[in-house]
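A.B. asks: The structure is given below, and queries will be raised subsequently.
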Amino acid sequence: MNIFEAIVALSKNSLNDQECNEIENYLIRGADWDLLIGQLFFHKIVCRAYKHFAVQEWLDFIPPAIRWSWQRQFDLNEYKNNLRKNDFTNLLNTFNKENIRYCIIKGFPIEKDLFINSVREFNDTDLMVHFRDFESVNKTLTNLGYSRGIYNSSQHKIEIDRHTDIFHIVNTHQTVPYRKLSDDPLFRFDTIDLQFELTLQKKYNFDIDVDLLLNDRVSIDVFDKSCFTLNPFDNFIMLCTHLYGEAILIQEIKKYKDLQLMKFADIYEWIEKYYNLYNWEEKIEYITSHGLLKPVLYCLHILSNLYASIGSKNICLYMGEQDLSFLDEYRDEYFNVKKWNVPVMDRIFRVDKFKML
Numbered sequence: 586m587n588i589f590e591a592i593v594a595l596s597k598n599s600l601n602d603q604e605c606n607e608i609e610n611y612l613i614r615g616a617d618w619d620l621l622i623g624q625l626f627f628h629k630i631v632c633r634a635y636k637h638f639a640v641q642e643w644l645d646f647i648p649p650a651i652r653w654s655w656q657r658q659f660d661l662n663e664y665k666n667n668l669r670k671n672d673f674t675n676l677l678n679t680f681n682k683e684n685i686r687y688c689i690i691k692g693f694p695i696e697k698d699l700f701i702n703s704v705r706e707f708n709d710t711d712l713m714v715h716f717r718d719f720e721s722v723n724k725t726l727t728n729l730g731y732s733r734g735i736y737n738s739s740q741h742k743i744e745i746d747r748h749t750d751i752f753h754i755v756n757t758h759q760t761v762p763y764r765k766l767s768d769d770p771l772f773r774f775d776t777i778d779l780q781f782e783l784t785l786q787k788k789y790n791f792d793i794d795v796d797l798l799l800n801d802r803v804s805i806d807v808f809d810k811s812c813f814t815l816n817p818f819d820n821f822i823m824l825c826t827h828l829y830g831e832a833i834l835i836q837e838i839k840k841y842k843d844l845q846l847m848k849f850a851d852i853y854e855w856i857e858k859y860y861n862l863y864n865w866e867e868k869i870e871y872i873t874s875h876g877l878l879k880p881v882l883y884c885l886h887i888l889s890n891l892y893a894s895i896g897s898k899n900i901c902l903y904m905g906e907q908d909l910s911f912l913d914e915y916r917d918e919y920f921n922v923k924k925w926n927v928p929v930m931d932r933i934f935r936v937d938k939f940k941m942l
């Protein structure tokens, strides 16, 4: 096992015996710690990897200075999630009491559903509602202490003008983020991304009715509270469209948000848990007829090359032979199609990928 194979394994919820042995042998031979830690941060799995190291009793392999800073990052993530818990449960209580149709996507629900043995790093709460409920949702969030706007380095709010607000809603799948200030120096504000549709739904005309997503939602237990989230299959579609959207848009690529292992691991763990529950011939027909083939194929083709995932390979087989040239496409600021100079699999671990554009 080389360093990049070890990083992929560390992105998973749990490790099998072979992976444990191979990672330990890699550590015994001598790890490239700068590269390892850098990639774990880059792919937003540094806390998940630390937990694997703690469970497998590999912490003594880590150089002392790196071990201290790595543990501090892990502790800080737990600290922030504990602080976020209060606002999150208050949000659930209020929305449930007021009978607002909503889904919490990614975040805590994904962690509770797919990463029970591990942790999932995230920075905000993604809240999906129907656009016609925007006014009532906006009022509720305002009453909970949230407001839309941008904060400078001094935590002073810069009000957004109405034109910017409307432009954001019309041209993206979400509003300008809501933020609630905190007095805690390590957790300055809690952020909510309010969205009305799937990523790229307008641009690609995904035939997805948000009404149906909200009607088919399911309730799961999060912090002993009822939390509504997408049903499992809709959740799979959301994960694929979200990963695909951030992988091909130049503005997201410039933020290093494309091709993060955290997002591939979400889909991998979903397949490990739910693959056998579905008739995939029927699901592929649904995916194709609703214009979702590209995002799903994009994610599963790459995922099947990263992980030993029989499920993802089988789903690709159900899709049949496809033109994969779109794997190397991205969209510029004007949504024009551009081409990468190197294949997608060569870009995943490259932090200097901008030089390839």
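The numbering of the sequence shown is this note's numbering, which starts it at 586 and goes up by one. Think of the CB as a built atom: it goes at the ideal place given N, C-alpha and C, for glycine as much as any other residue.
#1: Among Phe821, Asn684, Thr784, which has the Cα closest to the Cα of Leu862?
#2: Evaluate contact between the region 845 to 856 and the region 902 to 917, counting only Cβ atoms and requiring at least three cross-stretch pairs below 8 Å.
#3: Touching or not, the region 694 to 709 and the region 792 to 800, by the rule of three or more beta carbon pairs under 8 Å?
#4: Terminal residues of the continuous alpha helix (DSSP H) containing Phe638?
#5: Classify Thr760 as helix, strand or coil using the three-state DSSP reduction.
#6: Which one or two residues does DSSP pair with Cys812 in a beta bridge?
#7: Would you mind stating whether Leu799 and Tyr871 have Cβ atoms separated by less than 9 Å?
#8: What is the C-beta distance between Ser599 and Asn666, in whole angstroms, given that I count them as a contact (C-beta under 8 Å)?
#9: Can you name, in chain order, every residue of its own chain whose Cβ lies under 6 Å from the Cβ of Leu942, other than the five neighbours on each side?
#10: To the nearest angstrom, report how far apart Leu953 and Ala832 are at their CA atoms.
#11: CA-CA distance, Asn587 and Val929?
#12: Looking at the unbroken beta strand (DSSP E) that takes in Arg916, where does it start and where does it end?
#13: For Asp617, which three-state DSSP category applies?
#14: Quick check: what's the CA-CA separation for Cys812 versus Ser804?
#15: Once the 5 residues before and after His628 are set aside, which same chain residues still bring their CB inside 8 Å of it?
#16: For the beta strand (DSSP E) that Phe774 lies in, which residues bound it at each end?
#17: Whose C-beta lies closer than 7 Å to the C-beta of Gly730 among residues of the same chain, with five residues either side of it excluded?
#18: Look at Pro880 and Leu785 and say whether their C-beta atoms are less than 9 Å apart.
#19: So, using beta-carbon positions, are Ser732 and Tyr763 closer together than 9 Å?
#20: Can you tell me which residues form a DSSP beta bridge with Ser703?
#21: Can you check DSSP and say which residues form a bridge with Ser732?
#22: Does the region 610 to 621 come within contact of the region 639 to 652, defined as at least 3 CB pairs closer than 8 Å?
#23: Give me the Cα-Cα distance between Asp819 and Ile869, rounded to the nearest whole angstrom.
#24: Tell me the DSSP secondary structure of Met823 in three-state form.
#25: Do you know offhand how far Ile789's Cα is from Leu644's?
#26: On the three-state DSSP scale, how would you describe Asp937?
#27: With burial defined as no fewer than 16 other Cβ atoms inside 10 Å of the residue's Cβ, what is the status of Gln624: buried or exposed?
#28: Just to confirm my understanding: we take Cys892, look at its own chain, exclude 5 residues before and 5 after, and list those with CB closer than 6 Å. What are they?
C.D. replies: By the coordinates alone:
#1: Here residue 862 is taken as the residue at index 277 of the sequence shown, counted from 1. Of the candidates Phe821, Asn684, Thr784, the one whose C-alpha sits nearest the C-alpha of Leu862 is Phe821.
#2: Flag = no, the region 845 to 856 and the region 902 to 917 do not touch.
#3: no
#4: As a first step, residue 638 must be located in the sequence shown, where it is residue number 53. Element bounds for Phe638: 631 to 640.
#5: Numbered from its first residue, the sequence shown carries residue 760 at position 175. In the structure shown, Thr760 sits in coil (DSSP, three-state: anything other than H, G, I, E or B).
#6: The residue labelled residue 812 in the question sits at position 227 within the sequence shown. Answer by DSSP bridge pairing, in chain order: Ile805.
#7: Taking the sequence shown and counting its residues from 1, one reaches residue 799 at position 214. Taking the sequence shown and counting its residues from 1, one reaches residue 871 at position 286. No, Cβ-Cβ distance for Leu799 and Tyr871 is not below 9 Å.
#8: Position 14 of the sequence shown, counted from the start, is the residue given in the question as residue 599. Position 81 of the sequence shown, counted from the start, is the residue given in the question as residue 666. Actually they are not in contact, since the Cβ atoms of Ser599 and Asn666 sit about 20 Å apart, beyond 8 Å.
#9: Against the sequence shown, residue 942 aligns to sequence position 357. If we look at Leu942 and ignore the five residues flanking it on each side, it has no Cβ neighbours.
#10: The requested residue 953 is not part of the displayed model; the chain covers only 586 to 942.
#11: Within the sequence shown, the letter at position 2 stands for residue 587. Within the sequence shown, the letter at position 344 stands for residue 929. One alpha carbon belongs to Asn587, the other to Val929, and they sit about 19 Å apart.
#12: Taking the sequence shown and counting its residues from 1, the one referred to as residue 916 is at position 331. Its beta strand (DSSP E) spans residues 914 to 916.
#13: Walking along the sequence shown from the start, residue 617 turns up at place 32. Under the three-state reduction of DSSP, Asp617 is assigned to coil, being neither helix nor strand.
#14: As a first step, residue 812 must be located in the sequence shown, where it is residue number 227. As a first step, residue 804 must be located in the sequence shown, where it is residue number 219. Near 5 Å, if we compare the C-alpha coordinates of Ser804 and Cys812.
#15: Start at 1 with the first residue of the sequence shown, and residue 628 comes out as number 43. Hits under 8 Å: Ile592, Ser596, Gln845, Leu846, Met847.
#16: Translated into the one-based positions of the sequence shown, residue 774 becomes position 189. Unbroken beta strand (DSSP E) run through Phe774: 774 to 780.
#17: Residue mapping note: residue 730 aligns to position 145 of the sequence shown, counting from 1. The residues are Lys765.
#18: Along the sequence shown, read from residue 1 onward, the residue named residue 880 stands at position 295. Along the sequence shown, read from residue 1 onward, the residue named residue 785 stands at position 200. Yes, they are a contact pair.
#19: Taking the sequence shown and counting its residues from 1, the one referred to as residue 732 is at position 147. Taking the sequence shown and counting its residues from 1, the one referred to as residue 763 is at position 178. Yes, the pair counts as a contact, with Cβ atoms nearer than the cut-off.
#20: Numbered from its first residue, the sequence shown carries residue 703 at position 118. Ser703 pairs with nothing; no bridge assigned.
#21: Walking along the sequence shown from the start, residue 732 turns up at place 147. Per DSSP, Arg764.
#22: yes
#23: On the sequence shown, position 234 is the one that residue 819 refers to. On the sequence shown, position 284 is the one that residue 869 refers to. If you draw a straight line from the Cα of Asp819 to the Cα of Ile869, it comes to about 13 Å.
#24: Taking the first residue of the sequence shown as 1, we reach residue 823 at position 238. Reduced to three states, the DSSP call for Met823 is helix.
#25: For the purposes of this step, residue 789 is identified with residue 204 of the sequence shown, where counting begins at 1. For the purposes of this step, residue 644 is identified with residue 59 of the sequence shown, where counting begins at 1. Checking the sequence, you will find Tyr at residue 789 rather than Ile. Each residue's alpha carbon lies about 46 Å from the other.
#26: Against the sequence shown, residue 937 aligns to sequence position 352. Three-state result, Asp937: coil.
#27: For this step, residue 624 is matched to residue 39 along the sequence shown. With a 10 Å radius around the Cβ and a threshold of 16 neighbouring Cβ atoms, Gln624 comes out buried.
#28: For the purposes of this step, residue 892 is taken as residue 307 along the sequence shown, with counting starting at 1. Inspection of the sequence shows that residue 892 is occupied by Tyr rather than by Cys. Same-chain partners within the cutoff: Tyr853.
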